[in-house]
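Per the numbering used here, residue 32 is the first one in the sequence shown, and the count goes up by one each step.
A virtual CB, placed ideally from N, CA and C, is assigned to each residue, including glycine.
All of these numbers come straight from a predicted model, not from anything done at the bench.
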Amino acid sequence: MNPPQPKDSSVLEDKLSDNSQSNNPAKTIPKTGTKSETASAELWESIKTIIGLQNQAPPLVTVSREGNLPLSFPQERLWFLEQLESANSSYNIPFTFRLKGVLNISALEQSLNEILRRHQALRTNFSSVEGKPVQVIASTVNLTLSVVDLQDLPTQERENKAMQLATESAQQPFELTKEPLFRASLLKLTEQEHILLLNIHHIVFDGWSEGVLFKELATLYEAFTNNKPSPLPELPIQYPDFAPWQRQWLQGEFLEALLSYWKQQLGGKVSELQLPTDHPQPVSPTRVSACQKFVLSKELTQSIKTLSRQEGATLFATLLAAFKILLHRYTEQDNLFVCSPIANRNRKELRGLVGYFVNLLILRTDFSGNPSFQKLLTQVRQGASGAYAHQDLPLQQLVNHLNLGKVPLSQVMFVLQNTPQQVPNLPGLEVDIVDIDNGMADFDLSLSMVEEAGELIGTFKYNTDLFEEKTISQMRQHFQTVLEQVVANPEQPLSLLLPLSESEQQQLQAMRLNSASKSASEQALEREKNFVAPRDATETQLTKLWEEVLDIRPIGIKDNFFELGGYSLVAVRLIAEIEKAFNKNITLPVIFQAPTVEELAKILTQEESSTSGFSLVPVQPKGSKPPLFAIHYLGTNMRWYRPLSVHLGLDQPIYGLVDKLAIENLLDEQKAMPSLKVEEIAAYYIQEMRTVQPEGPYFMSGISFGGAIAFEMAQQLHAQGQKVGLLALFDTLGPDGSSKISTPRQGVSSHLKNLLTLPPQAKIKYLQEQVRNKSIWLINRVKDRFKKPYQRFTIAWRKLTCSFYLAMGRSLPQELLDFRASAANNQARIDYVPKVYPGRVTMFRALDSYLAPGNPDMGWGKLAGGGLDLHYVPGGHSSMYDEPHVQVLAEKLKSCLEQGVGS
32 MNPPQPKDSS
42 VLEDKLSDNS
52 QSNNPAKTIP
62 KTGTKSETAS
72 AELWESIKTI
82 IGLQNQAPPL
92 VTVSREGNLP
102 LSFPQERLWF
112 LEQLESANSS
122 YNIPFTFRLK
132 GVLNISALEQ
142 SLNEILRRHQ
152 ALRTNFSSVE
162 GKPVQVIAST
172 VNLTLSVVDL
182 QDLPTQEREN
192 KAMQLATESA
202 QQPFELTKEP
212 LFRASLLKLT
222 EQEHILLLNI
232 HHIVFDGWSE
242 GVLFKELATL
252 YEAFTNNKPS
262 PLPELPIQYP
272 DFAPWQRQWL
282 QGEFLEALLS
292 YWKQQLGGKV
302 SELQLPTDHP
312 QPVSPTRVSA
322 CQKFVLSKEL
332 TQSIKTLSRQ
342 EGATLFATLL
352 AAFKILLHRY
362 TEQDNLFVCS
372 PIANRNRKEL
382 RGLVGYFVNL
392 LILRTDFSGN
402 PSFQKLLTQV
412 RQGASGAYAH
422 QDLPLQQLVN
432 HLNLGKVPLS
442 QVMFVLQNTP
452 QQVPNLPGLE
462 VDIVDIDNGM
472 ADFDLSLSMV
482 EEAGELIGTF
492 KYNTDLFEEK
502 TISQMRQHFQ
512 TVLEQVVANP
522 EQPLSLLLPL
532 SESEQQQLQA
542 MRLNSASKSA
552 SEQALEREKN
562 FVAPRDATET
572 QLTKLWEEVL
582 DIRPIGIKDN
592 FFELGGYSLV
602 AVRLIAEIEK
612 AFNKNITLPV
622 IFQAPTVEEL
632 AKILTQEESS
642 TSGFSLVPVQ
652 PKGSKPPLFA
662 IHYLGTNMRW
672 YRPLSVHLGL
682 DQPIYGLVDK
692 LAIENLLDEQ
702 KAMPSLKVEE
712 IAAYYIQEMR
722 TVQPEGPYFM
732 SGISFGGAIA
742 FEMAQQLHAQ
752 GQKVGLLALF
762 DTLGPDGSSK
772 ISTPRQGVSS
782 HLKNLLTLPP
792 QAKIKYLQEQ
802 VRNKSIWLIN
812 RVKDRFKKPY
822 QRFTIAWRKL
832 TCSFYLAMGR
842 SLPQELLDFR
852 ASAANNQARI
862 DYVPKVYPGR
872 VTMFRALDSY
882 LAPGNPDMGW
892 GKLAGGGLDL
902 HYVPGGHSSM
912 YDEPHVQVLA
922 EKLKSCLEQG
932 VGS
């Protein structure tokens with residue numbers, strides 16, 4: 032399960048929400064001088080400050096939906112992070128509930144659709160206009176609650192399958208530009224038991240939204256079950272109204288007041304947390320996560336709460352202080368910070384909205400002078416109160432104004448959930464939470480706490496790239512030790528807390544050495560040693576831009592943008608400056624593909640008629656092994672290969688070949704619908720491939736249609752006398768691969784023959800696949816009767832539009848360029864007639880693939896002159912590249928690559 036999202040991050044959060052619209056919320060503060068009363072005075076001063084500023088804010092009103100709607104600052108930050116690493120599940124917020132009782136599926140589906148209608152945030156996608164992200168709101172979304180019936184499976188297998196499907200659902204990435212960012216499905220275990228799967232992207236949802244969603248779901252389900260209309264009033268404003276209001280508000284005097292506070296707290300005082308890790312940061316991080324839970328006894332929980340009251344601190348501050356002591360002992364840093372989320376809904380109008388409002392606060396603590404725990408707690412308490420009072424400054428703005436771009440902020444997070452995770456209280460049903468996690472770590476280490484039944488329950492979520500299980504287990508024990516020591520004697524100095532054994536000290540020292548990065552002076556010396564000055568006007572201009580945005584001088588043409596401290600938001604600033612200087616549009620991924628001045632200058636100086644080398648995308652370019660050249664599927668996205676590259680290891684280079692630029696080179700620009708041949712694409716890709724590897728043996732793979740291109744490349748390479756070490760086809764349909772079975776008797780015979788060739792664990796999957804494929808075929812036949820006329824109209828209209836643009840001598844917009852490329856690509860696939868290839872073919876067949884149900888080799892067996900190796904991998908045609916299936920695919924592919932090298 033995900034660490035709990037913050038709803039009420041502190042007592043202050045509640046009070047702000049209750050009083051933010053009042054002009055005179057201040058109350059008389061007792062003056063008796065006790066610690067508790069002093070803390071109360073600080074708290075109310077913070078409340079008065081924030082309310083005074085809020086009263087100057089413009090009213091929250093509905094804005095026009097015409098034109099481009101901006102993102103809020105929190106959304107913009109998350110959008111940028113998604114551009115860095117698309118197709119991951121880090122920002123999925125999954126919910127899994129077991130429902131026992133008689134479920135009204137129709138009422139449940141109706142309730143979810145009403146929620147989508149009520150909340151525009153859940154109907155929002157995100158596009159880019161002139162390099163800036165904008166909100167795109169669908170007028171309607173019709174959610175169909177799919178039901179997967181598992182009743183026929185044996186009890187244990189049914190439960191296992193349900194958990195598998197729930198995990199896959201939680202870890203399935205979203206596409207921000209296209210698909211709905213709210214998913215719902217239902218697993219039917221028995222007539223009286225179902226599992227409800229919800230998955231929502233964080234960019235439209237946060238922890239507070241959870242309470243809004245479940246409360247509305249319960250209310251609507253009860254109404255619709257009883258055939259009554261929705262009793263919920265219409266919402267006066269929507270999330271898209273908040274974004275422009277926030278941008279209007281965060282300027283002038285209010286912005287200066289916020290910046291003044293944060294500059295005083297953090298200016299020049301925030302440095303990277305040197306947290307010891309078992310492994311150094313990998314070149315290609317997976318960010319796969321794991322969790323460890325622990326429970327503090329009722330006695331210890333009560334002692335912590337008593338200490339908090341005695342010291343005039345919230346439970347949040349006490350637990351955070353103890354956690355920071357743990358980090359201080361591990362890092363040996365006197366000045367450290369932890370991030371903590373806050374709901375950031377200070378206005379009553381925002382309380383009933385679903386949306387992404389949450390902000391991250393940077394809470395810094397100074398450990399110098401060996402203070403007692405009491406003094407440290409006072410510092411943490413005051414810092415938290417001040418941070419809460421000035422929470423309205425978004426993290427993105429804080430980073431920009433305080434030049435914190437070089438400090439990695441997503442290292443450690445702390446959350447205190449004031450209430451246990453909520454469940455929708457659906458009438459007539461017993462609803463229980465099922466622990467399912469999104470499987471990704473957006474922080475290196477996070478600690479979340481919640482109180483349930485008088486006990487504090489904690490969860491350490493950690494990045495498995497960096498930490499081993501035993502290390503987190505030790506950390507968990509050390510945290511409990513700190514808590515036990517501070518409640519026993521809060522006056523003792525920090526140096527006496529958490530005494531470490533000699534072996535523990537040695538272990539931490541080894542971890543520090545393992546994870547330590549080079550000092551600034553060492554990095555500067557290394558850059559000076561390898562410094563290469565700019566050699567032409569383009570490199571000189573780019574170097575000046577880099578020096579300006581990074582504030583580092585001098586910068587050489589071989590220096591890496593990200594190793595110098597560049598990050599996503601700085602990269603966006605750099606792109607804007609490059610576009611001004613060179614009058615050329617480039618995208619964020621280009622900076623990742625070409626992270627040095629030298630590499631970027633080559634791209635900028637290339638003539639538009641020659642893009643050699645640019646169709647070659649370095650998915651993972653480092654390593655000593657022969658590179659694997661990966662060919663795209665029918666589209667142009669290489670995201671499928673990124674999870675695969677992670678599991679193949681850091682020593683296996685992978686280069687992706689994408690077709691968009693190749694097609695634009697090969698197509699006749701004067702034709703609305705030009706033709707293209709697989710043979711032409713293959714010849715072009717061989718040229719591209721040889722810029723990295725001039726001679727064989729070549730190792731190639733292709734996904735779906737990309738497999739046909741890889742097959743033709745192998746043909747041409749063989750004809751040129753080059754050796755092919757591996758030709759791997761991933762669920763690629765060959766000629767006659769989907770040939771129909773003419774009679775029922777032939778069908779039974781063919782399926783029996785196929786079953787005999789399958790491994791035991793695949794036989795059940797095969798039978799399930801046939802039933803599902805037949806069902807899908809029937810459904811698609813019905814759908815096609817309605818869809819084909821519309822599709823034919825759309826294609827005809829786009830062809831006509833292309834002709835119009837070309838006749839007017841105008842350049843085609845990107846949408847039409849993509850259409851031409853996809854159409855030409857698809858026609859090339861249809862026209863391609865492969866010949867027998869003399870070498871060996873390796874086929875990776877997805878167990879749940881819907882393609883070629885009656886043909887295990889998918890039509891390639893008769894074309895593989897050197898034989899065909901067939902490997903079955905879990906997953907479907909698309910999901911075989913997703914976690915956890917991709918791990919099996921990677922292991923099998925790794926073995927095949929090694930065999931190819933040795934042959």
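For residue 715, the enclosing alpha helix (DSSP H) stretches over residues 709 to 721. Taking residue 221 as the centre and dropping the five residues before and after it, the same chain places the C-beta of 182 closer than 8 Å to its C-beta, in chain order.
By a beta-carbon distance limit of 8 Å, residue 385 does not contact residue 372. Their separation comes to about 17 Å.
Cβ-Cβ separation between residue 741 and residue 662: approximately 5 Å, consistent with a contact (criterion under 8 Å).
DSSP places residue 235 in no beta strand (DSSP E); its state is neither H nor E. Distance from the CA of residue 527 to the CA of residue 447, rounded to the nearest whole angstrom, comes to 26 Å. In the displayed model, residue 483 falls within a strand according to three-state DSSP. Around residue 271, the same chain offers 94, 96, 100, 151, 152, 155, 166 and 168 as residues with beta carbons nearer than 8 Å, after the five sequence neighbours per side are excluded. Counting along the chain, no beta strand (DSSP E) covers residue 427; the unbroken alpha helix (DSSP H) around it starts and ends at 426 to 433. In this structure residue 753 is not in contact with residue 713, their Cβ atoms being roughly 13 Å apart against a cut-off of 8 Å. Of the residues 882, 734 and 709, the one whose Cα lies closest to the Cα of residue 864 is 709.
Residue 608 places its beta carbon less than 8 Å from that of residue 580. DSSP places residue 340 in the helix class (H, G or I) of the three-state scheme.
Excluding its 5 nearest sequence neighbours in each direction, residue 328 has C-beta neighbours in its own chain below 8 Å: 486, listed in chain order. With contacts defined by Cβ atoms closer than 8 Å, residue 263 and residue 149 form a contacting pair. The C-alpha of residue 515 is placed about 26 Å away from the C-alpha of residue 542. Restricting attention to 196, 158, 316 and 687, the CA atom closest to the CA of residue 910 is found in 196. Note that the C-beta distance between residue 504 and residue 490 is not below 8 Å. The Cβ atoms of residue 338 and residue 513 do not sit closer than 8 Å to each other.
Boundaries of the beta strand (DSSP E) harbouring residue 125: 123 to 131, taken from the DSSP string. For residue 877, there is no enclosing alpha helix (DSSP H); the enclosing beta strand (DSSP E) has its first and last residue at 872 to 877.
By the neighbour-count definition (other C-beta atoms within 10 Å, threshold 16), residue 134 is a buried residue. By the CB criterion at 8 Å, residue 394 and residue 369 fall inside the cutoff. Taking 8 Å as the cut-off, the beta carbon of residue 891 is found closer than this to the beta carbon of residue 760. Here the alpha carbon of residue 246 sits roughly 26 Å from the alpha carbon of residue 194.
Distance from the Cα of residue 520 is smallest, within the candidate group 483, 571 and 404, for 404. Using a 10 angstroms sphere on the CB of residue 200, the tally of other CB atoms reaches 16 or more, which defines it as buried. Rounded to whole angstroms, the Cβ separation of residue 649 and residue 686 is 6 Å, and the two are in contact under 8 Å.
Here residue 902 is bridged, per DSSP, to 875.
In this structure, the beta-carbon distance from residue 304 to residue 391 does not fall below 8 Å. Counting only residues of its own chain and dropping the five nearest sequence neighbours on each side, residue 293 has a CB closer than 7 Å to the CB of 421, 424, 429 and 433.
In this structure, residue 879 and residue 907 form a Cβ contact; the two beta carbons are roughly 4 Å apart against a cut-off of 8 Å. The Cβ atoms of residue 570 and residue 628 lie closer than 8 Å to each other. For residue 659, no alpha helix (DSSP H) run applies; the uninterrupted beta strand (DSSP E) run containing it begins and ends at 659 to 662, by DSSP.
In this structure, the straight-line span from the alpha carbon of residue 209 to that of residue 905 is close to 26 Å.
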